[in-house]
């Protein structure tokens, strides 16, 4: 019996050590952001702030320099919002309709097309970077937020289609057949039968897309102009800004600000977040 | 009208079809084509054979990038899987506060890799970070300066990436453990088979598909890892932590060498497809009825 309790203690000890490992960077970010530079230089990395100050937070939000622009993260944060909201909405709507067709309105060649979409989910984006830069220039969308929305929609519909298709496949085809007999058309059936059942998968899709697009760096750094950079790019610029004294507290405050929206989503809707992650890797 | 009625599903798919065809497959073809030309700052379209690939494979920086990909990818995948499996099995032992622990293990996955890189860059900086803190505890000779040592810096990328993704592997494995038929496990327990044997002989072998999924996702993350390196080391010191993704980006946007950018992107795609295509093929193949 005693060896068994020892085992339990060991088990908990390991689990708690790992919890500390995962929490440590967040703890360090938070405490560093609340310290003055003076205290950062003299105190330890893991020590609590002796005197809490929010100066670094206000600097990160409104006056820190990203490159030559010294307006903090604020304008870039709104760029990310303006980019993410339409891109998430459009890619989710398109994915829902696509998934509905693939699951319930099979036609010849549909499977091949679906396989083509699925492969598209796995390409390294580096392989489309150069032609997309040219194309955005050609379309007059280079360096603009609509350009970024366009890119995120294009490379997001693969996953959203996959989510909805795998979800709608579980709805019996008899339902569609019966509705057809009653004279309902494609869209009537979608709005009357499928949409009301879709709340969970819409949530999964919206969360997945939002996390992906908010956290994206590659498209942002490749295609955004000075006025349309998303928050991730601005954060990286602030951290690597070489002018003046290295303000670690501002860097950490900026990192937390950039992370807050997706962290918030994770905390309030973690269940759906995990479903999106696993749906992206395992066939439904 | 009736034609329209019949073809609505196809019309709904048509925009996506066109978009995928152009922006995925057309673009891949464009990149493949450019990789076979002498393009430098501007794209040229006369084919020139495999000269770019020759230059690529001869470039010491590319060599470092590919080497790093294997070191980083290999360690990242193995360590994440090991930690993920360990945590999943431990959490599966009717642990109190399991929900809280799960939430803690998985939250890094919600963060941008730029945030992760920024945080770890601060923690690992030798001047004020972990090294200095441990020295402050009285271990004067403690050294943890991997971030600035060319031969060790790639392992800091592994550390940060494992921190970010291992909780996700845990979630995958935990879901797998929970889906194993409880009747079989109970039968084994009744027969007096010890717990570790139940895991190694019954549960883990039935989870083979989940190992495969986890491997695919992690491999895919590893090959695409770009943000993390940019934020953590910016490819440095020198180009010691370059990965194919950062190499490609440097060629495309700061060196103005489109031919090298295109050929390195094609090699990246080759590596991904060598891993993913067999997997997707087996997933998409119609399953035989059990």
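Residue numbers (this note's numbering), protein chains in the order written: chain X, 24 to 307; chain G, 9 to 298. All residues carry an ideal CB built from backbone N, CA and C; glycine is no exception. All figures in this text were calculated on a predicted structure; none of them were measured in a lab.
- prompt: Are the segment 55-66 of chain X and the segment 268-281 of chain X in contact at 8 angstroms, needing three or more beta carbon pairs?
  reply: yes
field: Delimiting residues of the alpha helix (DSSP H) encompassing residue 173(G)
entry: 161-186
field: Of the residues 68(X), 42(X), 159(X), 292(X), the one placed nearest residue 248(X), counting alpha carbons only
entry: Checked all of 68(X), 42(X), 159(X), 292(X); the closest Cα to residue 248(X) is 159(X).
- prompt: Taking just the CA atoms, how far does residue 206(G) sit from residue 100(G)?
  reply: 13 angstroms
- request: Report the residue ranges of all alpha helix (DSSP H) runs contained in full by the segment 112-167 of chain G; include only those spanning at least 4 residues, in chain order.
  value: 121-132, 138-144
message: Would you say residue 295(X) lies against chain G (beta-carbon separation less than 7 angstroms)?
response: no
message: Give me the chain G residues within the contact set of residue 248(X), using Cβ-Cβ distance strictly less than 9 angstroms, ordered along the chain.
response: Result: empty, since nearest Cβ-Cβ is about 13 angstroms, beyond 9 angstroms.
query: Does the beta-carbon distance from residue 211(G) to residue 177(G) come in below 7 angstroms?
result: With a cutoff of 7 angstroms on beta-carbon distance, residue 211(G) and residue 177(G) are scored as not near each other.
field: Where residue 150(X) falls, given that 16 or more other Cβ within 10 Å makes a residue buried
entry: Around the beta carbon of residue 150(X), 16 or more other beta carbons lie within 10 angstroms, which makes this residue buried.
- prompt: Leaving out five residues before and five after residue 228(G) in sequence, what residues of the same chain have Cβ atoms less than 8 angstroms from its Cβ?
  reply: 280, 283, 284
task: Go through its chain and collect everything with a Cβ distance to residue 278(X)'s Cβ below 7 angstroms, but skip five positions before and after it.
output: 52, 258
query: Beta-carbon of residue 160(G) versus every beta-carbon of chain X: anything under 7 angstroms?
result: With its beta carbon at least 7 angstroms from every one in chain X, residue 160(G) lies outside the interface.
Residue-level contact to chain X via CB, residue 235(G), 7 angstroms cutoff: Yes, residue 235(G) counts as interfacial toward chain X.
message: Residues of chain G with CB closer than 7 angstroms to the CB of residue 52(X), please, in chain order.
response: 127
- prompt: Thinking just about the alpha-carbon of each residue, which of 191(G), 145(G), 245(G), 116(G) is nearest to the one in residue 43(X)?
  reply: 116(G)
- prompt: Are three or more beta carbon pairs between the segment 205-217 of chain X and the segment 163-177 of chain X nearer than 8 angstroms?
  reply: Between the segment 205-217 of chain X and the segment 163-177 of chain X there are fewer than three inter-stretch CB-CB distances shorter than 8 angstroms, so the stretches are not counted as touching.
- prompt: Using a Cβ-Cβ cut-off of 6 angstroms (strictly less than) and excluding sequence neighbours within five positions of residue 20(G), which residues of its own chain qualify?
  reply: none
message: What does the alpha-carbon distance come out to for the pair residue 65(G) and residue 73(G)?
response: 11 angstroms
Counted within 10 angstroms of its Cβ, other Cβ atoms place residue 204(G) as buried (16 or more) or exposed: exposed
- request: Could you tell me which chain G residues have their CB closer than 7 angstroms to the CB of residue 128(X), listed as they occur along the chain?
  value: 17
message: If we require 4 or more residues per run, which alpha helix (DSSP H) segments fall completely within the segment 148-229 of chain X?
response: 149-162, 168-191, 196-204, 209-212
message: Do residue 137(X) and residue 125(X) count as a contact pair if the criterion is CB distance below 7 angstroms?
response: Their beta carbons are under 7 angstroms apart, which means residue 125(X) touches residue 137(X) by this criterion.
field: DSSP-derived helix/strand/coil call for residue 235(X)
entry: helix
At least three beta-carbon pairs within less than 8 angstroms, the segment 155-173 of chain G to the segment 236-251 of chain G: yes
message: Using only the alpha-carbon positions, how far apart do residue 264(X) and residue 88(X) sit?
response: 7 angstroms
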